[in-house]
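In the working numbering, the protein residues as written are 274 to 442. Glycine is no exception: its CB is placed at the ideal position from the N, C-alpha and C atoms.
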């Protein structure tokens, strides 16, 4: 049974949403990924959001561009956390998506990550799930330790080579 629902409004969102899925896979978290347009197929959307709890979802990650109603509407129906990913758009650079997701009315919160922030959405979903899963919490701590090691290796290379050589590599 999937713990996380990943839903996007268009297949053009897939490269960003895949980053969330990659993180969940790395951490061993089950998910279900779906494409649903809240505007073009509202009946399908309502069925998805209304059935998410009984499917076993603990968190929904919803990505959308432009009007970006998908995350907010998920939050209006699904009683557990929803994480919105605003998509970069050509007309307004994703600010339209960002504002549509963060400017929710009182009582209908949507956690929101950066524009095209798929990886952080996956990590936030994992952190939410880790509040009641000690093994997952340890995986997140190990993940953070790997990030720290990567930065330290880069700095060691910089200190050894100097910035001019580092930039040539």
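Three-way DSSP call (helix, strand, coil) for residue i in this model
i           : result
residue 308 : strand
residue 296 : helix
residue 357 : strand
residue 337 : strand
residue 278 : strand
Residue i to residue j span [Cα, whole Å]
i           : j           : result
residue 324 : residue 367 : 29 Å
residue 351 : residue 322 : 6 Å
residue 316 : residue 309 : 10 Å
residue 298 : residue 336 : 18 Å
residue 333 : residue 403 : 15 Å
residue 274 : residue 293 : 18 Å
residue 381 : residue 278 : 18 Å
Reference residue i, options the options, closest by Cα
i           : options               : result
residue 320 : 301, 346 and 410      : 346
residue 389 : 338, 397 and 333      : 338
residue 341 : 362, 410, 441 and 328 : 362
residue 394 : 344, 283 and 312      : 344
residue 276 : 382, 353, 349 and 369 : 353
residue 396 : 296, 432, 436 and 418 : 296
residue 348 : 314, 327, 369 and 384 : 384
residue 326 : 380, 441, 355 and 313 : 355
For residue j and residue i, believed in contact at Cβ under 8 Å, the rounded distance
i           : j           : result
residue 391 : residue 289 : 4 Å
residue 329 : residue 311 : About 22 Å; that fails the 8 Å criterion.
residue 400 : residue 413 : 6 Å
residue 359 : residue 370 : 3 Å
Ordered list of alpha helix (DSSP H) runs contained in the region 373-435, each at least 4 residues
391-403 and 407-434
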